[in-house]
Amino acid sequence: MLKGWLASPKLDARACAGVFRCALALALPLWLGGCALLLPQTEALRKDWPADLAQRIELDSVPFFPQKDYQCGPASLATAMVYGGAAVGPDDLVDKVYLPQRGGSLQVEMLAAARRYGLVSWQLAPRFGDLLREVQAGTPVITMQDYGTWPIHYWHYAVVVGFDRDTGKAVLRSGEKRRLEIPFAVLEYTWKESAYWAMVAVPPDRVPVTATETQWLQAVVAMERVADRQAARAAYAALLRRWPDSLNGAIGLANVAYAQRDLPAAESALREAVQRHPDSAVALNNLAQVLSEQNRTEEALTLIDAAVALGGPFAAAAQETREQIRKKTARP
Amino acid sequence: MKSAAFRALCRFLIASLFAMSFQSAMAGMIGTDQAVAAASTQSERAALINTMSRSDVAGQLQLQGVDPDAAKARVASMTDQEVRSLAGQIDSLPAGASSGSGWAVAIVIVLLVWYFWK
């Protein structure tokens, strides 16, 4: 099975002599020093394929947009985003990620642009296994590769859509190639230079399998800044399905519902939050406000008193809310 | 005309424009971003620095050939942390672009790797 994959390099004396005679005498000992040094993750995968990973996956239906000029950024992003359900093409993304003077696209802008279409951007941990896990879960992964050699960099975005353990190859949508198969070793070698930078852009009702609660919440908050409310609401709901105990997830869901003037939904999300986190001043404060706006002032005052009594960084905000609720009761 | 005071005034005006567009107005409700940021207790000074960085980065994007409105919208879709990572760095950060000559190098690498690990 390891044939065509990565058999460990074994050096005989002759090969060594040849190597040292060649002009790359300085670089090659490093290369030949072993995969573990140069391609640690590929080597680790070869030795120990994670039990939760399939042998072979390919997302055939991921679309392909051949890149124009230097615009692999817009092309790769469109590939991932269209598969995520966004109605967008590479040309729409040029003025959202492309820098004409640099002739390329920055990583931060790749993450930022997807949010404007109501997708949530997630930067993967720098792990080969995580990349494969996302692909296996049905999400194409955008990677940043460097096809140059020191000191020249040729940064390039491509989208990983499949892998095969037996052949030891990954399948990419890359540049002008719809289906580029490259060995894991080559992928890691080129990908390593970007510190294993990889991202996905998923529809708001999905949470990437490799996401972690705190970071995912930040990713959703980042999306909420620029996307429409319906997308944000779906994202918070999905977050709560995955992590039902997330306090800020519930507060986020309630805030979007509140902004949409869906007060009953805001109330039920906050009640759940207060039940799970009785000492959250934010949840108490916001629930009090929502109830007050539904003219349930008595209940609102009890809750806001509890919020104020908790003190902490939100004490001032809670006091302000209490004043407002009281003013309302004073009115005839 | 381009005195230091004039430039400072421009910076201030740009910054205040940004500040206005990022304000969220929900009286009585504590915002999600505030709740999330509570752990890091963002000071007003940090908020001002963020606002300044945003106008800085928008200006840099314009220097890279992006038109002003697009630059503003692009910055708006970044998080504070992302903005800080770009401020003053746009020239040196990697920008994915390669095609053409890049592929020649790519082929050489692929051949080398294949040669040694086949």
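So the sequence lines, in the order shown, correspond to chains A and B.
Positions 365 to 696 (the working numbering) are the ones given, in order, by the first sequence.
Positions 20 to 137 (the working numbering) are the ones given, in order, by the second sequence.
All residues carry an ideal CB built from backbone N, CA and C; glycine is no exception.
The model shown is predicted, which means the values in this text are computed figures rather than measured ones.
Is the distance from the Cβ of residue i to the Cβ of residue j below 8 angstroms?
i       : j       : result
L423(A) : V525(A) : yes
V523(A) : R537(A) : yes
Q419(A) : D592(A) : no
A645(A) : A671(A) : yes
G115(B) : W519(A) : yes
E636(A) : W607(A) : no
S96(B)  : A477(A) : yes
G539(A) : Q431(A) : yes
A450(A) : Y481(A) : yes
F548(A) : A534(A) : yes
R103(B) : S72(B)  : yes
V638(A) : E101(B) : no
Pull up the distance between the alpha-carbon of residue i and that of residue j, whole angstroms please.
i       : j       : result
L463(A) : G437(A) : 10 angstroms
E588(A) : A77(B)  : 20 angstroms
E662(A) : R690(A) : 10 angstroms
Q688(A) : L665(A) : 10 angstroms
A595(A) : P628(A) : 19 angstroms
S425(A) : Y521(A) : 19 angstroms
M508(A) : Y560(A) : 7 angstroms
F678(A) : V573(A) : 33 angstroms
S528(A) : R542(A) : Reading off the sequence shown, one finds Asp at residue 528(A), where the question assumed Ser. Rounded to whole angstroms, D528(A) to R542(A) spans 17 angstroms at the Cα level.
A621(A) : N69(B)  : 28 angstroms
N619(A) : L495(A) : 33 angstroms
L131(B) : V505(A) : 26 angstroms
Y434(A) : G468(A) : 6 angstroms
H517(A) : A54(B)  : 41 angstroms
S656(A) : A586(A) : 29 angstroms
D88(B)  : D459(A) : 10 angstroms
L403(A) : P490(A) : 13 angstroms
V654(A) : Q582(A) : 24 angstroms
A65(B)  : L483(A) : 28 angstroms
L470(A) : Q683(A) : 44 angstroms
A680(A) : A56(B)  : 16 angstroms
S632(A) : R479(A) : 27 angstroms
A630(A) : E63(B)  : 29 angstroms
R686(A) : G676(A) : 16 angstroms
Taking only beta-carbon positions, decide if residue i is within less than 8 angstroms of chain A.
i       : result
G47(B)  : yes
A66(B)  : no
E63(B)  : no
M71(B)  : no
Q81(B)  : no
L105(B) : yes
L130(B) : no
S74(B)  : no
S96(B)  : yes
P87(B)  : no
G115(B) : yes
A54(B)  : yes
G140(B) : Residue 140(B) lies beyond the stretch modelled for chain B, which goes from 20 to 137, so this question has no answer here.
Verify the CB distance criterion: does residue i have a CB-CB separation below 8 angstroms to chain B?
i       : result
D459(A) : yes
A601(A) : no
Q653(A) : yes
E473(A) : yes
T685(A) : yes
V672(A) : no
R420(A) : no
M445(A) : no
A549(A) : yes
Please return the same chain residues whose Cβ sits closer than 7 angstroms to the Cβ of residue i, not counting the five positions on each side in sequence.
i       : result
L475(A) : S485, Q487 and M563
V446(A) : P427 and V452
P414(A) : G493
T99(B)  : Here residue 99(B) turns out to be Asp, not Thr, going by the sequence shown. For D99(B), where only same-chain residues beyond five positions count, the Cβ hits under 7 angstroms are N69.
Among the residues of its own chain, which have a CB less than 6 angstroms from the CB of residue i, if the five just before and after it don't count?
i       : result
G616(A) : Y600
E557(A) : D510
R597(A) : V620
L667(A) : L648, L651 and A652
A439(A) : F429, Q431 and P454
Apart from the five residues on each side of it in sequence, which residues of its chain come closer than 8 angstroms, Cβ to Cβ, to residue i?
i      : result
R93(B) : A77, L80 and V85
Contact the stretch 495-509 of chain A vs the stretch 609-620 of chain A: 3+ CB pairs below 8 angstroms: With the cut-off at 8 angstroms, the stretch 495-509 of chain A and the stretch 609-620 of chain A do not touch.
Evaluate the contact criterion for the stretch 97-108 of chain B versus the stretch 552-563 of chain A: three or more CB pairs, one atom per stretch, below 8 angstroms. No: the two stretches stay apart, fewer than three of their Cβ pairs being nearer than 8 angstroms.
So, do the stretch 588-602 of chain A and the stretch 566-579 of chain A have three or more beta carbon pairs nearer to each other than 8 angstroms? They touch, by the three-pair rule.
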